[in-house]
Each structure stands twice: as C-alpha cells, then as structure tokens.
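Right, one structure below, let's go through it.
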Amino acid sequence: MAPEPPLLTMSGITKSFPGVRALDGVDLDVQAGEVHCLLGQNGAGKSTLIKVLAGAHQPDGGTISWRGEPVVLRSPIAAMRLGIATIYQELDLVEGLSVAENVHLGHEPTAAGFVVRGKAAKKSTAALLKRLGHAEIDPGRLVGDLSAAQQQIVSMARALSHDVRLIVMDEPSAALDPDEVDNLFRIVGDVTADGVAVVYISHRLEEIRRIGDRVTVLKDGRAVAGGLPAKSTPTREVVALMTGRNVEYVFPRRPAAPAPAEPVMRVQGLARAGEFASFDLDLRPGEIVGLAGLVGSGRSEILETIYGARKPSVGQVTVEGRPLRPGSVRAAVRAGLGLAPEERKAQALLMLESVTRNVSVSSMSRFSRGGWMDRGAERRAALAATRELSLRPDNPAVPVRTLSGGNQQKAVLARWLLRGCKVLLLDEPTRGVDVGARAELYAVIRRLADEGLAVLLVSSEVPEVLGLADRVLVLREGRVVHTAPARELDEHRVLDLVMEGTS
Amino acid sequence: MTQPASPPRDRTDKVPPTAEPPVWRTLAAHADVRTLSLLGVLAALVVIGGITKPDEFLDTRNLQLVLTQGSVIGVVTVGMTFVITSGGIDLSVGAIVALSSVWATTVATQEYGFAGILFTAVLVGLGCGLVNGLLIAYGGMVPFIATLAMLASARGLALQITDGKTQIVSVEGVLKLGERDAYVLGIPPLVLVFAVVTVIGWLILNRTTFGRRTVAVGGNAEAARLAGIDVRRQRLYLYLLSGLCCGIAAFLLIILSGSGQNTNGNLYELDAIAAAIIGGTLLTGGRGTITGSVLGVLIFTTITNIFALNNLQSDVQQIAKGAIIVAAVLVQRRTASTT
Numbered sequence: 236m237a238p239e240p241p242l243l244t245m246s247g248i249t250k251s252f253p254g255v256r257a258l259d260g261v262d263l264d265v266q267a268g269e270v271h272c273l274l275g276q277n278g279a280g281k282s283t284l285i286k287v288l289a290g291a292h293q294p295d296g297g298t299i300s301w302r303g304e305p306v307v308l309r310s311p312i313a314a315m316r317l318g319i320a321t322i323y324q325e326l327d328l329v330e331g332l333s334v335a336e337n338v339h340l341g342h343e344p345t346a347a348g349f350v351v352r353g354k355a356a357k358k359s360t361a362a363l364l365k366r367l368g369h370a371e372i373d374p375g376r377l378v379g380d381l382s383a384a385q386q387q388i389v390s391m392a393r394a395l396s397h398d399v400r401l402i403v404m405d406e407p408s409a410a411l412d413p414d415e416v417d418n419l420f421r422i423v424g425d426v427t428a429d430g431v432a433v434v435y436i437s438h439r440l441e442e443i444r445r446i447g448d449r450v451t452v453l454k455d456g457r458a459v460a461g462g463l464p465a466k467s468t469p470t471r472e473v474v475a476l477m478t479g480r481n482v483e484y485v486f487p488r489r490p491a492a493p494a495p496a497e498p499v500m501r502v503q504g505l506a507r508a509g510e511f512a513s514f515d516l517d518l519r520p521g522e523i524v525g526l527a528g529l530v531g532s533g534r535s536e537i538l539e540t541i542y543g544a545r546k547p548s549v550g551q552v553t554v555e556g557r558p559l560r561p562g563s564v565r566a567a568v569r570a571g572l573g574l575a576p577e578e579r580k581a582q583a584l585l586m587l588e589s590v591t592r593n594v595s596v597s598s599m600s601r602f603s604r605g606g607w608m609d610r611g612a613e614r615r616a617a618l619a620a621t622r623e624l625s626l627r628p629d630n631p632a633v634p635v636r637t638l639s640g641g642n643q644q645k646a647v648l649a650r651w652l653l654r655g656c657k658v659l660l661l662d663e664p665t666r667g668v669d670v671g672a673r674a675e676l677y678a679v680i681r682r683l684a685d686e687g688l689a690v691l692l693v694s695s696e697v698p699e700v701l702g703l704a705d706r707v708l709v710l711r712e713g714r715v716v717h718t719a720p721a722r723e724l725d726e727h728r729v730l731d732l733v734m735e736g737t738s
Numbered sequence: 011m012t013q014p015a016s017p018p019r020d021r022t023d024k025v026p027p028t029a030e031p032p033v034w035r036t037l038a039a040h041a042d043v044r045t046l047s048l049l050g051v052l053a054a055l056v057v058i059g060g061i062t063k064p065d066e067f068l069d070t071r072n073l074q075l076v077l078t079q080g081s082v083i084g085v086v087t088v089g090m091t092f093v094i095t096s097g098g099i100d101l102s103v104g105a106i107v108a109l110s111s112v113w114a115t116t117v118a119t120q121e122y123g124f125a126g127i128l129f130t131a132v133l134v135g136l137g138c139g140l141v142n143g144l145l146i147a148y149g150g151m152v153p154f155i156a157t158l159a160m161l162a163s164a165r166g167l168a169l170q171i172t173d174g175k176t177q178i179v180s181v182e183g184v185l186k187l188g189e190r191d192a193y194v195l196g197i198p199p200l201v202l203v204f205a206v207v208t209v210i211g212w213l214i215l216n217r218t219t220f221g222r223r224t225v226a227v228g229g230n231a232e233a234a235r236l237a238g239i240d241v242r243r244q245r246l247y248l249y250l251l252s253g254l255c256c257g258i259a260a261f262l263l264i265i266l267s268g269s270g271q272n273t274n275g276n277l278y279e280l281d282a283i284a285a286a287i288i289g290g291t292l293l294t295g296g297r298g299t300i301t302g303s304v305l306g307v308l309i310f311t312t313i314t315n316i317f318a319l320n321n322l323q324s325d326v327q328q329i330a331k332g333a334i335i336v337a338a339v340l341v342q343r344r345t346a347s348t349t
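One line per chain: the protein sequences are A and B, in this order. Quick note on the numbering used here: the first sequence kicks off at 236 and runs consecutively. Quick note on the numbering used here: the second sequence kicks off at 11 and runs consecutively.
Here it is, written out as structure tokens:
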C-alpha cells in the first residue's frame with residue numbers, strides 16, 4: 236500500500252501488573268483507513284493493549300508513534316485529543332442523561348463558556364445518528380431507555396463527535412443481532428472510507444473475514460503474528476496462533492440415539508404477557524434442547540420464567556411430576572433446576588469471593604450442621620467439582636475474578652454439579668469465552684448430559700445451538716415456530732426461520 | 011528521638027531496626043495486612059498516650075475504662091458490620107439504643123427487676139429491628155430511608171416516654187454491675203459482654219451459613235437470589251440482628267450510667283459506621299470483618315480517652331476522628347490497589 240508512515244505504530248510495549256506481565260513487548264502498526272483486527276484469547280493482553288492506546292494505562296516500556304511522531308498518551312484526554320476514540324465492551328454511557336448529552340459529554344457546545352447550548356448539541360447529534368444509519372434514535376431520549384444495540388450506536392456517535400482518526404472497538408458485536416451486526420459493518424466501512432482507521436477486537440473469526448484488512452494475533456502478552464491478511468489467512472492457522480495448538484471449532488459427538496425416558500421437566504402453556512406465548516417443552520434426562528432466536532425473541536425470558544426468576548402470566552412447570560411454585564427461584568432450585576445466566580458477573584458470580592465459595596453457595600446446607608459450616612468438607616467437594624470440569628487454575632482458593640471467562644463459566648456449572656441438579660438451564664454459555672475454551676465447555680456440557688442431566692440451552696450463535704443440541708426449538712417473537720432434531724437443520728434454515736417476516 | 015522511659019516504648023525499642031522487615035514479612039504473610047495496619051495504629055496511639063500522660067493513661071483502671079466505654083458502641087458496631095456487609099446500612103442504631111434504654115428504665119419496667127430491664131431492652135431492640143427489616147426486605151424500602159425514619163420515630167418515642175427527664179435506675183443488681191470494681195470472671199462485666207458478642211459475631215460471620223449468605227447478599231444480591239438464597243429473609247434477619255445488638259448495648263449503657271435517657275446513643279450510628287469502615291468492611295457490601303470493626307472501635311475509644319486525659323475539647327476529638335477516617339480509607343485504597 237502507500238509508503239507513507241503508518242497512522243499508529245506501537246513497538247515493544249510492555250506493561251506489568253503485580254504478579255502478571257500483561258504485555259511483553261507488543262508491536263502493532265495501523266494504517267489510515269484500514270480495519271485492523273486484534274485477536275487473542277482472554278488474558279492474551281488485548282484489553283491491556285487497548286487501554287494503553289486509550290491512555291487509560293501507562294506502559295512500562297516501548298514507544299508509541301502517531302503519524303510518525305513519537306507521543307506519550309498520558310491520559311484518556313490526551314489520546315482523545317490526538318483523535319483516538321475507544322468504544323469499550325462495557326459501554327460507558329450515563330444512563331440518566333439524554334443521547335445528545337452523552338454524545339457531547341466533556342465537550343458540550345457552550346455559550347459564554349458554561350451555558351450548554353442544548354439545541355446545538357441535539358442538532359449535531361441528530362446529524363451523527365443519521366450518518367450512522369439510525370436517524371430514528373431521538374437525541375432527547377434518555378440513554379437508559381435505549382436497547383443495548385442503540386446504546387452502542389450512541390457510543391459510536393460519541394466517538395465520531397470528536398475529530399477522530401482511529402476508533403478502537405472492543406467486541407462491538409457481542410450484544411448485537413445479525414442485522415445489527417450488518418449495520419455495524421456498514422458503519423465501519425463508511426468511516427474507513429473517510430480514512431479513519433479501526434482497530435477491531437472480536438472473538439468471531441467470520442466477522443474478521445468479512446470486514447478485516449489485517450490481523451494481529453496476541454498470545455500471552457506478545458504479538459505472535461502482526462499484520463496478516465485478514466481475508467486469506469486460513470482459519471486453522473489463526474486458531475493455531477491464538478491457542479498454540481491446532482484446534483477446530485469442535486463439538487462433541489452426540490450419543491447414537493438418546494435413550495427414551497420419562498421427561499424430567501415438563502413445561503406446559505407457559506407465557507408472560509408481552510414477552511412470550513404458550514411455551515411447551517418436554518425435557519428428558521440426557522437430552523440437550525436448544526432455543527434459537529434473536530435478541531428479543533423471548534428466549535432468555537423463557538429460561539428465567541422456568542427458573543422462577545420471573546413470574547409467569549399462565550402456565551406450569553413440573554419437575555419429576557411435581558408442579559413448581561410459579562415465580563419462586565428457591566422452589567426451582569430445590570426441585571433440581573440450575574441456571575447459568577447470561578450475565579455471569581452480574582447474575583451469577585460473587586466477584587469478591589473465592590472459587591470455592593462461588594461453587595458452594597447453592598449447597599451450603601450440605602456442608603453445615605445447624606448452620607455451622609464444615610469448611611473442610613466444603614473445600615474438598617468444591618475441589619472435586621471443579622476438577623471434574625478441569626477448571627483452571629486447579630486451586631479453588633483463588634478469587635473467582637482472576638479466572639478467565641471460560642473458567643468462570645465452569646465455576647457456575649460446578650455450582651450446579653455440586654448441588655446435584657437435574658435440569659441445567661444455560662443462557663449464552665460461551666459469551667465472552669475464547670475459542671479454545673469453548674470446545675472444552677461444549678465437551679463438558681455434553682458429558683454432563685451423557686451422565687443424565689437434562690440441558691436447556693439458549694444461544695444467539697446458531698452454529699452453537701446446532702452443534703451442541705439434540706433438538707432445536709426456533710423462536711420468533713415469543714413463539715416457537717419450528718421444532719426439529721438438530722441434525723435435520725442447518726444454519727441457513729434456522730436463520731430463515733428466525734428472520735422470516737421480520738426483515 | 012529522645013527516649014522517654016515508659017514500659018511500652020522500651021519494648022518497641024528493643025526490636026533492632028534490621029530485624030524488622032523479616033518479622034513484618036512473615037507476619038504479613040500469615041495475617042491480613044489491614045488488620046496489622048490497624049493494630050499498628052492502635053499501638054501508636056498507646057505509645058502517644060504513654061508519652062503524653064504516662065501515669066494516667068497506662069493506669070490499669072484507665073485501660074479498663076477505655077475498654078468499658080468501648081463496649082457499648084462496640085456491641086452496636088458488631089451488628090452494624092453485618093448490616094453493612096450485606097450491602098445495607100442502619101442509621102437508627104443510636105435511636106434504638108435510646109428508646110431501649112428508656113423503655114427498660116421506666117418505673118413500670120423496673121418493678122420487674124434485673125430480668126425485666128434486660129428483657130425489655132432486648133425486646134425493644136428486636137422490635138425496632140423487625141420493623142426496619144420488614145420495611146426493607148418486604149416493603150422494598152431503601153435501607154437508608156427506612157432506618158432514617160426509624161431514627162426519627164424512635165428518638166421521638168424515647169422523648170415522649172421520658173418527657174426529657176433522666177430515669178434513675180434503682181434495681182440493686184443492675185447498679186452493682188456498674189460499680190467501679192465490679193468483676194465477672196475477673197473481667198469488667200461490660201467488657202465481658204463485648205468480648206462474648208464479638209466472638210459470637212466473628213463465628214457467625216466467618217463460620218456459619220448465615221455469615222456466608224450475608225456476604226453473598228452484599229456481594230451480589232441478584233446472584234445470591236439466582237443461586238437459591240432467600241435474600242429477603244436474610245435481610246430481615248440482619249436488621250433483627252442489628253436491633254438485638256442495640257438492645258444489648260442499651261442494657262450495657264443502663265449499667266454504665268445507672269439511668270436511662272432519651273439522649274443516649276447520640277450519633278452512635280456515625281461512630282459505628284466509621285469504626286466498621288476503617289476496620290475494612292466495604293460500605294458497598296460483600297466484605298466484612300468483625301476483627302477490623304472491633305479494632306476500629308478501640309482506636310476511636312482510645313483517641314477519646316487520650317484527648318480527655320490531655321484536657322482537649324471534644325471539638326478537637328471530632329476533627330481527629332474525621333482525619334483518621336479519611337487516612338484509614340486512603341491507606342486501604344492504596345493497599346487494595348497494590349495487592
């Protein structure tokens with residue numbers, strides 16, 4: 236390409252935290268107008284690297300050049316002034332402020348230096364939203380009232396409201412539906428056509444194929460490959476670079492034929508007004524049933540209603556012939572249900588606590604007499620449960636927050652394994668879990684099913700549902716529109732069913 | 011530095027400076043850094059007290075007094091620690107102590123003697139805790155607001171009962187426990203109660219399912235709920251526990267002062283919260299330490315004592331307390347970010 240100096244050059248960047256060398260001499264160069272993808276497993280150093288780039292972390296060593304000039308990014312403001320904007324995975328918007336106020340936060344158009352010119356802010360925000368293809372978002376609305384996808388658009392508008400030359404996007408597609416992802420890619424295409432560079436972080440290889448120009452792969456705080464062609468580098472090679480071994484996106488084999496058995500859980504006519512209508516399901520021991528559907532199709536709501544976390548309008552859940560008290564999590568747990576919720580950190584984990592305590596939290600009565608904890612028995616049982624799932628590190632005394640996403644998920648699974656649950660409800664079990672660890676989680680889930688557990692799986696990734704489940708229920712707008720064995724479906728068919736009539 | 015000759019400093023001076031790092035390192039490896047730093051502050055205060063008023067401060071009777079005075083607020087702080095660990099707050103503790111102490115010392119109650127006073131104090135504490143707990147756990151009220159309302163009403167009720175007068179206790183058994191040289195098992199009775207409450211509190215928080223649930227609710231209430239914990243019932247129990255501690259503290263205060271007054275327990279809520287926070291309990295919940303809270307109480311009580319011995323006014327004490335809270339939290343933030 237052009238022989239002009241790269242927009243951004245980072246070389247030999249090092250950064251240590253107490254006990255961890257997060258970056259161990261990373262090189263990265265980004266050209267104006269390109270989409271540069273950053274790949275790596277959790278803990279490879281992606282987050283630290285982009286925080287250095289955003290001025291949020293100061294590197295211990297290495298140099299950063301901007302348009303050929305060496306620079307020091309002392310603070311997020313310094314990075315912003317150069318024209319570097321970062322859109323973090325956890326959106327940093329103020330929910331109590333309007334769209335326009337968020338977009339202009341920190342650089343409001345003012346009169347006399349301090350009076351905010353609200354109309355001007357709204358007008359420029361509306362122009363930005365239009366450019367992003369979302370003119371329907373009202374700049375006056377509160378950000379807290381918007382959907383996750385819309386909030387992301389607002390984040391993007393905020394980035395573009397500065398004179399931006401480089402946008403860093405940390406897993407922007409994680410919370411988006413396929414059509415929203417398409418819009419995101421269109422926007423990425425638009426801004427790069429204007430000469431803006433995008434550093435794009437994602438776990439999804441197929442996305443990187445679609446929009447990426449070059450790929451840099453990080454592993455253990457080093458760039459193991461820099462500037463590979465994004466479209467032509469074989470998947471095997473990329474995965475091998477990330478994991479250090481040759482791993483395919485593998486699913487465990489299904490047992491030849493699921494043994495016929497009495498259903499362990501029956502759901503009859505379950506419904507919640509405005510969310511989903513008349514959901515029926517017979518779930519047998521050893522069976523994995525997948526729910527496929529878009530965000531908003533009611534899939535998470537169904538799971539949470541079965542679990543008692545939401546109260547159904549009508550309908551009934553029976554476990555082993557006994558009806559559950561509607562709207563009672565405790566009744567569901569006592570009957571043998573376990574939920575691995577979508578938002579692990581917010582809904583499942585006690586982040587300040589050890590793995591042991593996170594695993595034992597649902598089975599405390601088993602390790603106590605008269606309320607008195609037998610900590611030895613607790614420790615041994617937690618260790619056994621985490622070992623059975625090969626949770627790493629092999630030391631349940633460590634705080635759960637230090638684990639990778641995949642291992643945190645295993646801690647949640649170990650909780651229910653220890654409890655001895657009969658029905659496991661999995662909501663997006665591999666969200667935020669890197670490719671290598673996914674295959675391992677799939678194998679764990681299948682093994683638990685083979686051992687007699689019944690699993691109800693929700694995932695927004697169709698290949699995951701098809702690869703893991705025995706039977707698939709396709710949801711659209713709160714209704715089951717199709718039921719079939721997974722082997723009789725393919726991705727296109729499911730996507731057709733999911734999207735049909737919605738386009 | 012000059013070397014004044016009083017016992018505690020002699021002991022510290024004997025440790026050669028070169029031997030210090032390994033000693034600290036081995037200790038730090040086995041104990042909580044926070045607890046150690048609090049112990050260090052307490053030790054420093056003892057040294058200051060020893061230097062400024064060597065004879066009065068280190069007198070056994072004075073040290074007993076420090077512990078006795080700390081016992082009342084100490085018992086309240088143990089209950090407060092549980093509430094804060096669960097992510098809540100109890101602003102009504104001082105008012106509950108006042109109400110319990112006056113209800114337990116009315117002429118009518120005193121007719122039932124020692125047991126009547128004790129029983130009433132505890133029951134009133136539990137009753138207030140029950141109201142707090144029900145409003146918060148099942149009424150969905152924010153703890154700050156519910157207990158603020160309780161603060162106002164309990165104080166009002168206490169004033170109504172006493173009409174602003176001090177209610178002198180005439181029950182022999184109670185007065186006896188309040189005498190200067192009253193000992194139970196060789197320990198001043200208030201200190202004994204404080205010690206027992208502390209030990210039980212520590213055991214409950216660290217060794218029982220109740221303690222685990224408290225931490226879980228404070229760390230992540232939604233996760234606790236989805237893990238099958240009855241979050242609401244746990245919250246109710248926690249405010250009951252705090253009320254119980256207030257009732258016990260009220261009884262101790264009756265012993266100590268030989269009376270019941272509607273002005274009792276003034277600003278206890280702030281002292282208890284401050285002691286828990288400098289002890290290392292997270293105001294946002296999810297982490298609590300009884301040991302830290304007790305050390306926090308002892309630090310505050312020691313400061314009050316040293317200031318009183320040196321004839322410094324309470325305004326100076328308040329300023330010093332404020333400074334200590336700020337310093338303790340800043341130090342904790344620093345140690346938290348480097349470990």
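Ideal placement from N, C-alpha and C gives every residue a C-beta, glycine not left out. Quantities reported herein were computed from a predicted structural model and do not represent experimental measurements.
Three-way DSSP call (helix, strand, coil) for residue i in this model
i, result
"ALA544 (chain A)", "coil"
"ASP405 (chain A)", "strand"
"SER627 (chain A)", "According to the sequence shown, residue 627 (chain A) is Arg rather than Ser. Three-state DSSP puts ARG627 (chain A) in coil, outside helix and strand."
"ASP662 (chain A)", "strand"
"ILE312 (chain A)", "helix"
"VAL596 (chain A)", "coil"
"MET90 (chain B)", "helix"
Cβ neighbours of residue i in the same chain (closer than 6 Å, five flanking residues each side left out)
i, result
"ALA508 (chain A)", "SER548"
"GLY379 (chain A)", "GLU330"
"GLU336 (chain A)", "none"
"SER282 (chain A)", "none"
C-beta neighbour in chain B for residue i, strict 8 Å
i, result
"SER310 (chain A)", "no"
"PRO576 (chain A)", "yes"
"GLN582 (chain A)", "yes"
"GLY606 (chain A)", "yes"
"ARG650 (chain A)", "yes"
"ALA616 (chain A)", "no"
"ALA291 (chain A)", "no"
"MET599 (chain A)", "yes"
"ARG400 (chain A)", "no"
Contacts of residue i in chain A (Cβ-Cβ under 8 Å)
i, result
"GLY229 (chain B)", "LEU585, MET586, LEU587 and GLU588"
Beta carbon proximity, residue i to chain A, threshold 8 Å
i, result
"PHE310 (chain B)", "no"
"LEU236 (chain B)", "yes"
"THR218 (chain B)", "yes"
"GLU189 (chain B)", "no"
"ARG222 (chain B)", "yes"
"ASP240 (chain B)", "yes"
"HIS40 (chain B)", "Here HIS40 (chain B) scores only 48 on pLDDT, less than 50, and its place in the model is too uncertain to base an answer on."
"ALA233 (chain B)", "yes"
Neighbouring residues, chain B, relative to residue i (Cβ below 9 Å)
i, result
"TRP301 (chain A)", "What TRP301 (chain A) touches in chain B: nothing, since even the nearest Cβ is about 29 Å away."
Cut-off 8 Å between Cβ atoms - residues of its own chain near residue i, not counting five sequence neighbours on either side
i, result
"ARG682 (chain A)", "PRO487"
"ALA164 (chain B)", "SER102, ALA105, ILE106, ALA108, LEU109 and CYS138"
"LEU587 (chain A)", "PRO634 and ARG636"
Cβ neighbours of residue i in the same chain (closer than 7 Å, five flanking residues each side left out)
i, result
"TYR278 (chain B)", "ILE83, VAL86, VAL103, GLY104 and VAL107"
"GLN266 (chain A)", "MET236, PRO241, LEU242 and ALA432"
Any non-hydrogen atom of the ligand MN closer than 7 Å to residue i Cβ
i, result
"ALA544 (chain A)", "Among the ligands in the structure shown, none appear at all, so the ligand MN cannot be discussed."
Chain-ordered neighbours of residue i on chain A, where CB pairs are closer than 7 Å
i, result
"ALA226 (chain B)", "LEU585 and VAL596"
Which ranges does the alpha helix (DSSP H) cover as unbroken runs of at least 4 residues, wholly within the region 241–303 of chain A, from first to last along the chain?
281–288
Which ranges does the alpha helix (DSSP H) cover as unbroken runs of at least 4 residues, wholly within the region 153–179 of chain B, from first to last along the chain?
153–172
What are the residues of the region 293–309 of chain B that lie near chain D, defined by any Cβ-Cβ distance shorter than 8 Å?
No chain D appears in the structure shown, which is made up of the protein chains A and B.
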